[in-house]
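In the numbering used here, the protein residues as written are 12 to 629.
We treat Cβ as the ideally placed atom computed from N, Cα and C, and that holds for glycine.
It should be emphasised that the depicted structure is a prediction, and the values quoted were computed from it without experimental measurement.
Structure first, commentary second.
And the structure:
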């Protein structure tokens, strides 16, 4: 070949061949490596003009100083051994900027005609900068991807190829499997043999073949962890990884352990089933509703009693079931309870479907279940049949009404006799026995007051309590009541009164309420000697009357119960403070029927303040 070139190709022709070659070529001659030939491709790689031809290489490319190329050229010329560079880094100045470049190249010695001396070096080069940078970017991406997987808060693994080799698995995934990093590089069946026979290998094959992602929620997996086969539940996905040709080359597995969630849900379902069975066995109606009050459950008793099917809305169920007189009251109470996020208690009548135009009494209760922020998350309610109790209560009220009425006459006579006896004894200067007669008269007064309370309760229950409305001076009434009460107590009654003026109402009944509140304040503050009374005109134009004591007070959960019929202080205190528990109930009914309201502010152990407000014009 060499002889062929010598014989048939001239030096000019060879130079022309080099210049027009499709790759970068150059010829360096002599020990100083004079650029004899450099084709346009080589000049472009160097970033130099054609004028450098004929110059020393180091003069044409001074940036090579300190780089290995001049030394490599010298070594090739000295030894005659060609040198191949692969993706070799070189810093080249192009357009005044030093660029980081990469080349594949070969340095080959050039001999003289008789091949006895190396006279120069030929260079063939190809720039691979873009390829190297692309590979570096891929490598950096893979590194970042691998670090992202390793540092992820979720278990992640990569399975490569059709054999699903475990190429990568972070610590969380290894912990999930109950394995160590010795499984890396193994087929998934070898690394996690307990998966054989479960669905996961088949799912991986489907994803690899179809190229479509598979995801599952709360899927069961049996894994050997801590030396024993255990059941776990995961939300997981198999996502195919594809090359630039769109071919699947690996599968990414991301998993979240939801075992605790699944087991908790199962326990809740089991508990819910038990509670439903328990609720169905109870003789009362039980219901639940969501946070918005929409009924979502009734127990068996509801369906047995009502004959309804399915779950109607609250309004529909109430309209079908409740007595017309109770419907509006029940719906209004529910809306108030829902607005205030508080429970309620109500007595109402349910239609008896077994008897035409027949109703039975039920006691309805509901309580809200709240979260830690005080927001309602559920409502739970009950309806208890109290028909026999209501009938008994009616019989009792009838009996009390009759008994109280019948007691009025003998009590009136007894009072006349006691007063007559005291008067005669005084005339005979028998003061000792006269005092006994006076105490007897006081006890008759107490008994008369109790009988009057019983009569009032009976009237209230039967809707027969009447208010004799007229105009009267509110300030004058307060003065009279306070003066009367002050005469019979050691407590000092202080009054802070604004001028109220004339109001319209039942003077006697309003007086009865004032007297009751002051009497209670005296009775329930045995260790104090001060009662404070305040009157004022409210912004709404109501007469406000308040009695404050410094006695035993009322527990927070009992404040609203004090206005209930027959309610008395519970525990040992009931023996200290006698009474039927009717006074506040009667007072409450009188104020309500007067168009006003009655309420209490109290702190247990520090006293109470009972207040009522009635409109000036009614």
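Asked: Taking residue 625 and residue 521 to be in contact with their CB atoms under 8 angstroms, please state how far apart those CB atoms are, rounded to whole angstroms.; Found: 7 angstroms
Asked: Alpha carbon to alpha carbon, how far is residue 283 from residue 601? Give it in angstroms, no decimals.; Found: 47 angstroms
Asked: Does the Cβ of residue 609 have 16 or more other Cβ atoms within 10 Å, making it buried, or fewer, making it exposed?; Found: buried
Asked: Alpha carbon to alpha carbon, how far is residue 325 from residue 359? Give it in angstroms, no decimals.; Found: 15 angstroms
Asked: Determine the direct distance from the alpha carbon of residue 68 to that of residue 62, and round the result to whole angstroms.; Found: 12 angstroms
Asked: By the 10 Å Cβ neighbour count, where 16 or more other Cβ atoms means buried, how is residue 573 classified, buried or exposed?; Found: buried
Asked: Whole angstroms is fine: what's the gap from residue 357's alpha carbon to residue 329's?; Found: 13 angstroms
Asked: Taking buried to mean at least 16 other C-beta atoms within 10 Å of its own C-beta, is residue 110 buried or exposed?; Found: exposed
Asked: From which residue to which residue does the alpha helix (DSSP H) around residue 9 run?; Found: Past the edges of the chain, shown from 12 to 629, lies residue 9, and the structure says nothing about it.
Asked: Nearest CA to the CA of residue 50: which residue from 33, 144, 40 and 568?; Found: 33
Asked: In the DSSP assignment, what are the bridge partners of residue 101?; Found: 112
Asked: Can you give the Cα-Cα distance for residue 167 and residue 215, rounded to whole angstroms?; Found: 15 angstroms
Asked: What does a CB cutoff of less than 7 angstroms around residue 280 pick up in its chain, not counting 5 residues either side in sequence?; Found: none
Asked: DSSP puts residue 392 in a beta bridge; with which residues?; Found: 298 and 377
Asked: Taking just the CA atoms, how far does residue 518 sit from residue 488?; Found: 8 angstroms
Asked: Rounded C-beta distance between residue 246 and residue 259? I'm assuming under 8 angstroms.; Found: Contact flag wrong, Cβ pair sits at about 23 angstroms.
Asked: Helix or strand or just coil, what does DSSP make of residue 492?; Found: helix
Asked: Straight-line CA distance for residue 142 to residue 55?; Found: 18 angstroms
Asked: Are the beta-carbon atoms of residue 248 and residue 227 separated by less than 9 angstroms?; Found: yes
Asked: For residue 144, count neighbouring Cβ atoms within 10 angstroms of its own Cβ and tell me buried if that reaches 16, exposed if not.; Found: exposed
Asked: Quick check on the DSSP output: the beta strand (DSSP E) that includes residue 505 runs from which residue to which?; Found: 503-508
Asked: Nearest to residue 546 by alpha carbon, out of 558, 539, 537 and 538?; Found: 558
Asked: Alpha carbon to alpha carbon, how far is residue 250 from residue 57? Give it in angstroms, no decimals.; Found: 46 angstroms
Asked: Among the candidates 133, 104, 377 and 78, whose CA atom is the shortest distance from the CA of residue 302?; Found: 377
Asked: Which term fits residue 42, buried or exposed, when burial requires 16 or more other beta carbons within 10 angstroms of its beta carbon?; Found: exposed
Asked: In this structure, does DSSP put residue 164 in helix, strand or coil?; Found: coil
Asked: Within this structure, are the beta carbons of residue 627 and residue 554 separated by less than 9 angstroms?; Found: yes
Asked: Assuming contact is defined by CB atoms lying nearer than 9 angstroms, are residue 551 and residue 513 in contact in what I supplied?; Found: no
Asked: Suppose the cutoff is 7 angstroms on Cβ atoms and the five residues either side in sequence are ignored; what does the same chain contact list for residue 105 look like?; Found: 58
Asked: Applying the criterion that 16 or more other CB atoms from any shown protein chain within 10 Å of the CB defines a buried residue, is residue 510 buried or exposed?; Found: exposed
Asked: Whole angstroms are fine: how far does the CA of residue 189 sit from the CA of residue 289?; Found: 41 angstroms
Asked: Excluding five sequence neighbours on each side, which residues of the same chain lie with their C-beta closer than 8 angstroms to the C-beta of residue 229?; Found: 244, 245, 246, 269, 272 and 273
Asked: Let me know the secondary structure DSSP gives residue 204 once reduced to three states.; Found: helix
Asked: Does the distance from the C-beta atom of residue 103 to that of residue 39 stay below 9 angstroms?; Found: no
Asked: Helix or strand or just coil, what does DSSP make of residue 610?; Found: strand
Asked: Kindly indicate which three-state DSSP category residue 539 falls into: helix, strand or coil?; Found: coil
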